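Contents: one structure, followed by commentary.
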Amino acid sequence: MMWRILLLLPSLLPALPQAADLQLIPSVCAVDETESRCSISVKIHFDADDNKRYCLSIVGRGLVRCFSGDNDDLEVFISSANDTRFQVTSSESGEDVAAAILKVAQYQPKRHRRRYGWGLL
48 MMWRILLLLP SLLPALPQAA DLQLIPSVCA VDETESRCSI SVKIHFDADD
98 NKRYCLSIVG RGLVRCFSGD NDDLEVFISS ANDTRFQVTS SESGEDVAAA
148 ILKVAQYQPK RHRRRYGWGL L
């Protein structure tokens, strides 16, 4: 009987309500080999179930802004060579509420190999 409960538990987890959600648009920045840094304007959407005060910070760079949970989208310009973690904390307790990562990817164009039928000889 216990194993049946354990099997059903993962199917119930997505149905649990989520208190807060942080989304970055775009979530990936592609950099080609001529660029060393990703410079991009990121739209940040934070959705919370309440109207408490929250603070957005970029890990390693500090506080960006504080806002209430029902606030509209924020926009932040960022320039970074590595992945950047955005973190939302509760303004009162300092407890982590949500986080998202802006990934920096090196774009490498695909080199097309052409075969001209020399393998037939």
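This note's numbering puts the first residue of the sequence shown at 48, with every later residue one more than the last.
Built from N, CA and C at the ideal position, the CB exists for glycine as well.
If you're wondering where the values come from, they're calculated on a predicted model, not measured in any experiment.
Taking the Cβ atom as the reference point for each residue, do residue 105 and residue 136 lie within a distance shorter than 8 Å? On the sequence shown, position 58 is the one that residue 105 refers to. On the sequence shown, position 89 is the one that residue 136 refers to. It is not a contact, given that the beta carbons lie outside the stated cut-off.
Using CA atoms only, rank isn't needed, just tell me which of 114, 86, 141 and 145 is closest to residue 133. Locating residue 133 in the sequence shown gives position 86, counting from the first residue. Here the closest residue by C-alpha is 145.
The segment 97-113 touching the segment 76-84, judged by at least three CB pairs closer than 8 Å: No, because fewer than three Cβ pairs between the segment 97-113 and the segment 76-84 fall closer than 8 Å, the two stretches do not touch.
Have a look at the DSSP bridge pairing and note the partners of residue 112. Position 65 of the sequence shown, counted from the first residue, corresponds to residue 112. Paired residue(s): 103.
Determine the burial state of residue 156: buried for a count of at least 16 other Cβ atoms within 10 Å of its Cβ, exposed for fewer. Residue 156 sits at position 109 when you count from the first residue of the sequence shown. It is exposed - the Cβ of residue 156 has fewer than 16 other Cβ atoms within 10 Å.
In whole angstroms, what separates the C-alpha of residue 91 from that of residue 74? Stepping through the sequence shown from its first residue, residue 91 is reached at position 44. Stepping through the sequence shown from its first residue, residue 74 is reached at position 27. Using only the alpha carbons, I get a separation of about 10 Å.
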